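A.B. asks: Residue numbers (the numbering used here), protein chains in the order written: chain A, 1 to 47; chain B, 48 to 565; chain C, 566 to 751. Beta carbons: idealized from backbone N, C-alpha and C, even for Gly. Quick caveat: nothing in here was measured; it's all calculated off a predicted structure. Sharing a structure below in structure tokens format, with a few things to ask.
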Amino acid sequence: PLLKEHQTQFQLMESAFYHMPHLSDSERIRPYLPRTPCPTPAYYIQS
Amino acid sequence: YEDPPGLVEKTDQLLRDWIGIYHSQHQGRDSTKAFSMFVHQMNVYGILKTDDLITRFFRLSTQLCVETVYRVLAEKTNPSLSLLRPKCYHTLDAFVRLVALLVKHSGDANNTTTKIHLLNKVLGIVAGCLLQDHDTRITDFQQLPYQRIFTMLFLELNAPEPVLEAINFHVLTAYCHTLHILRPSKAAGFCYAWLELVSHRVFMGRMLATSPQQKCWPLYAQLLIDLFKYLAPFLRNAELAKPVTMLYKGTLRVLLVLLHDFPEFLCDYHYGFCDVIPPNCIQMRNLILSAFPRNMRLPDPFTPNLKVDMLQEISYGPRILANIAMMITPPQFKKDLDSYLKARAPVTFLSELRGNLQISNNPGVRYNVQLMNALILYVGTQAIAYIRSKGLSPNMSTIAHSAHMDIFQNLSVDLDTEGRYLYLNAIANQLRYPNSHTHYFSCTLLYLFAEANTEAIQEQITRVLLERLIVNRPHPWGLLITFIELIKNPTYRFWQHEFVHCAPEIEKLFESVARSCM
Amino acid sequence: MVNDQFGIVGLLTFIRAAETDPNLVSLALGQDLTALGLNLNSPDNLYPTFAGPWAEHPCRPQDIDFHVPPEYLINHAIRDKLASMKLSRYKDDLLFFMFYNNVGDVLQIAAAQELYARDWRYHTEDKVWITQVPGMVLMEKTSVYERGTYYFFDAQNWRKVAKEFYLEYNKLEGRPIMTPNLHHNS
């Protein structure tokens, strides 16, 4: 079983999980074509 | 505490002015022209008068920027995060540019000490603000502002400019120190951003590819150990929660990049990594153990009649960048161990051995795993040196009938199933690419199988090897050749053992693994 | 036999659990590491294009920042003077560039919409854009398929290639849809 310390860590990690870093957080601002991720059909090229 | 009156307002004003300057039309990305005028303004405000004021200025600026981000993220009028984020970057990037310019222009052009001192100060302040924010806001803590500050500042400080190149090693060291302070066990709410920082392509490149003489490798290794130590308690659970799975998968990706691009790094630090990875993380451990130097050509383990004893590579020991001897504690135990290895006496050493490894009676945490691992590797390396000192090479004959093998055989017999499992894992952790350790421990494992006085020992040796093989790739070369030898060589009578046929799934599994091996 | 979790029976437990509840034994059996979005067979280093621990794909060329002389950075001076993006003004070539270089982005959908408006159709099975060759008569046509000569956009060689093709209508994508809240603004 998780120790109390690890249970607390898990709660903090869980809340961070719902505010995951975005790819753009590690990139310079792109004024013209910022990333706007969206789901695309599976039959489109994926990479 | 007790900021001088008016300092908050001055800091706020200066920051606003700077943000305006940074984003103004005429300054471009460089901002150098406006910087000297801004520094004059800072002087007029008295910010640069004393070290204390400078420190407070940075702390207040950091807090003001972070507060701005929290306000933006809380905006209800615009729920789209992809539009809110650039608003956050707007403030943060300007602040980072200011910090970078202050570091670059601090002191004389050739005076690196002042610059490094200032950088360490700023990083420490941002880290301190983060930890305070993290402890105060708890589950409302946001990673974004801190991640952005650290990332963008790193990119700024790694611009190809002579002034920055001169202090690059110190920049890397400062960052590693800060990241260690902010390791996930200290700031769990920052763990995802932390891994992004540690695995950023520019950071990774600087730390592992371009730092001279691999000077930053130990620092990077420490960060990975921080990560594994954090993950360990969560990975011990059978079912992984989504947040844990996310972090684990991210870790796997990072390890794959390391395995592909910097296998020598994984080779050198494999011991420290495996020391903290839980035994049930088999694939992650295999990833690390599968690394081999890029200039090495591995013989195909499935080659019929592969004569491992004849390979040139088994004459050479791998680099182990860990002080194994220091890990054998307490000092009296180390002394007794060395005495036994030298003189094969007293015999009581063997009967007391288990007691030295056991730390509690609670199942699952009975043994000091780190001590176990260190003991096994230490005894093994001593054995290799001893055999070589007699002008011989380690093989199935020369490894037998020695103080070293006494210890290994004693552990096989005397430990309970949990201890034996951990002990055999410690041996299997040395089955890597062709080198003297892989060869010695492969022989040792096979010798222990052949000489076992109970089938339970043979069963557990098989279990330890098999669980490392049935997991998805990659598989270390040493693991493959050991298992192939076990199932092919009639000496071991592997297929006659009851545990091979104990259940249809197990039988099928062995047949399947044997087919793919042969 | 060893009758606790540390022997073969312990391993058997994992194997059996994998059939009924794979989540319970995900660590014991591992996962396919080639499906994590990294080209592990690449002869080049991966780290320069590593997009991060959560990214499913490497960095695109436009994602990789590079230090250039400050004099090159003129966007502050001209950004208010640039015309806004209007896909209908661009040639097919640029639309294909946008489609192939903005995977998983609104721009990919926007480019697809514009190509559709220009009578290009995306073949969902062959994963390629095709269009009718102007003036070419169809060899065969039914309610479910047609046969004729079409232009294919060859993204590897970056050119249109004319080919005879048996085209099943149900393999063509309909009009690409952009959800309203992903409307792209330049």
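Could you tell me if B:R248 is buried or exposed, where buried requires 16 or more neighbouring beta carbons within 10 angstroms of its beta carbon?
C.D. replies: buried
A.B. asks: Determine which residues share a DSSP beta bridge with C:E705 and list them.
C.D. replies: C:R712
A.B. asks: Taking 8 Å as the CB-CB limit, is A:M20 close to chain C?
C.D. replies: Interface criterion met: the Cβ of A:M20 is under 8 Å from a Cβ in chain C.
A.B. asks: Any idea what DSSP makes of B:A213, helix, strand or coil?
C.D. replies: helix
A.B. asks: Taking the continuous alpha helix (DSSP H) assigned at B:F349, which residues delimit it?
C.D. replies: Note, B:F349: premise wrong, no alpha helix (DSSP H); not H, not E.
A.B. asks: Find the residues of chain B that neighbour A:P34, judging by a C-beta separation of less than 7 Å, and give them in chain order.
C.D. replies: P133
A.B. asks: Given this structure, state the Cα-to-Cα distance separating B:L439 from B:M357, to the nearest angstrom.
C.D. replies: Each residue's Cα considered, the two are about 14 Å apart.
A.B. asks: Would you grab the beta carbon distance between B:N476 and B:C314 for me? Rounded to a whole angstrom, and I think it's under 8 Å.
C.D. replies: Contact doesn't hold; Cβ gap of about 13 Å is too wide.
A.B. asks: Suppose you measure from the CA of C:N750 to the CA of B:T138; what does that come to, to the nearest Å?
C.D. replies: Here the model assigns C:N750 a pLDDT of 41, short of 50, so the residue's position is not dependable, and the following value carries that caveat. Each residue's Cα considered, the two are about 22 Å apart.
A.B. asks: What do you get for B:I329, buried or exposed, if any count of 16 or more other CB atoms within 10 angstroms of its CB means buried?
C.D. replies: buried
A.B. asks: Which parts of the stretch 284-351 of chain B are runs of the alpha helix (DSSP H), unbroken and 4 residues or longer, counting only runs that do not cross its ends?
C.D. replies: 289-308, 310-315, 317-323 and 329-336
A.B. asks: Can you name, in chain order, every residue of its own chain whose Cβ lies under 7 Å from the Cβ of B:P521, other than the five neighbours on each side?
C.D. replies: N333, L334 and S337
A.B. asks: Could you tell me whether the Cβ of C:Y665 comes closer than 8 Å to any Cβ of chain A?
C.D. replies: For C:Y665, the answer is yes, since a Cβ of chain A falls inside 8 Å of its Cβ.
A.B. asks: Restricting to Cα atoms, I'd like to know which of B:V113, B:L211, B:R106 and B:S386 is closest to B:T159.
C.D. replies: B:L211
A.B. asks: To be precise: take each residue of the stretch 136-162 of chain B, compare its Cβ to all Cβ atoms of chain A, and keep it if any distance is under 8 Å. Which residues remain?
C.D. replies: Only Y136, H137 and D140 from the stretch 136-162 of chain B bring a Cβ to less than 8 Å from some Cβ of chain A.
A.B. asks: Since B:T198 is in the beta strand (DSSP E), which residue starts that stretch and which ends it?
C.D. replies: Boundaries around B:T198 are those of the alpha helix (DSSP H), L191 to L204, since no beta strand (DSSP E) includes it.
A.B. asks: Just the C-alpha distance for A:I23 and C:P634, rounded to the nearest angstrom, thanks.
C.D. replies: Residue 23 of chain A is actually Leu in this sequence, not Ile. If I take the Cα positions, the gap works out to 25 Å.
A.B. asks: Determine the DSSP secondary structure at B:W65, reduced to helix, strand or coil.
C.D. replies: Looking at B:W65 - three-state DSSP - the assignment turns out to be helix.
A.B. asks: Mind listing, in chain order, the continuous alpha helix (DSSP H) runs of no fewer than 4 residues lying wholly within the stretch 615-662 of chain C?
C.D. replies: 640-643
A.B. asks: On the DSSP bridge list, what partners appear for B:V169?
C.D. replies: Note: B:V169 sits in no beta bridge, so no partner.
A.B. asks: Is it buried or exposed, B:G411, if we count other Cβ atoms within 10 angstroms and call 16 or more buried?
C.D. replies: exposed
A.B. asks: In three-state terms, what does DSSP make of C:V693?
C.D. replies: strand
A.B. asks: In whole angstroms, what separates the C-alpha of B:N409 from that of B:P377?
C.D. replies: 22 Å
A.B. asks: Taking the straight line between their C-alpha atoms, what separation do you get for B:S78 and B:V55?
C.D. replies: Rounded to the nearest angstrom, the two C-alpha atoms are 24 Å apart.
A.B. asks: Among B:K134, B:L130, B:I101 and B:F105, which has the Cα closest to the Cα of B:T115?
C.D. replies: B:K134
A.B. asks: Any residues in the stretch 499-526 of chain B with a beta carbon nearer than 8 Å to a beta carbon of chain C? Which ones, in chain order?
C.D. replies: E502, A503, E506, Q507, T509, R510, L513, E514, I517, V518, N519, R520 and P521
A.B. asks: If we define contact as Cβ-Cβ less than 8 Å, is B:T186 a contact residue for chain A?
C.D. replies: yes
A.B. asks: For C:N735, is the classification buried or exposed, using 16 other Cβ atoms within 10 angstroms of its Cβ as the cut-off for buried?
C.D. replies: exposed
A.B. asks: Which same chain residues, not among the five before or five after B:Y316, have their C-beta less than 7 Å away from its C-beta?
C.D. replies: A268 and L368
A.B. asks: So what's A:R28 in DSSP terms, helix, strand or just coil?
C.D. replies: coil
A.B. asks: Tell me which residues share the same chain as B:G154 and place their Cβ nearer than 8 Å to its Cβ, disregarding the 5 neighbours each side in the sequence.
C.D. replies: T160, T161 and K162
A.B. asks: Cβ of A:E27 less than 8 Å from any chain C Cβ?
C.D. replies: yes
A.B. asks: Does C:S751 have its Cβ less than 8 Å from a Cβ in chain A?
C.D. replies: In this prediction, C:S751 has a pLDDT of 32, which is less than 50 and means its spatial position is unreliable; what the coordinates show is noted afterwards. Interface residue, yes.
A.B. asks: With C-beta atoms as the reference, is B:D273 less than 8 Å away from B:P231?
C.D. replies: yes
A.B. asks: Under 7 Å Cβ-Cβ, which residues of chain A neighbour C:A616?
C.D. replies: Here the neighbours are L23.
A.B. asks: Using a Cβ-Cβ cut-off of 6 Å (strictly less than) and excluding sequence neighbours within five positions of B:F197, which residues of its own chain qualify?
C.D. replies: L244
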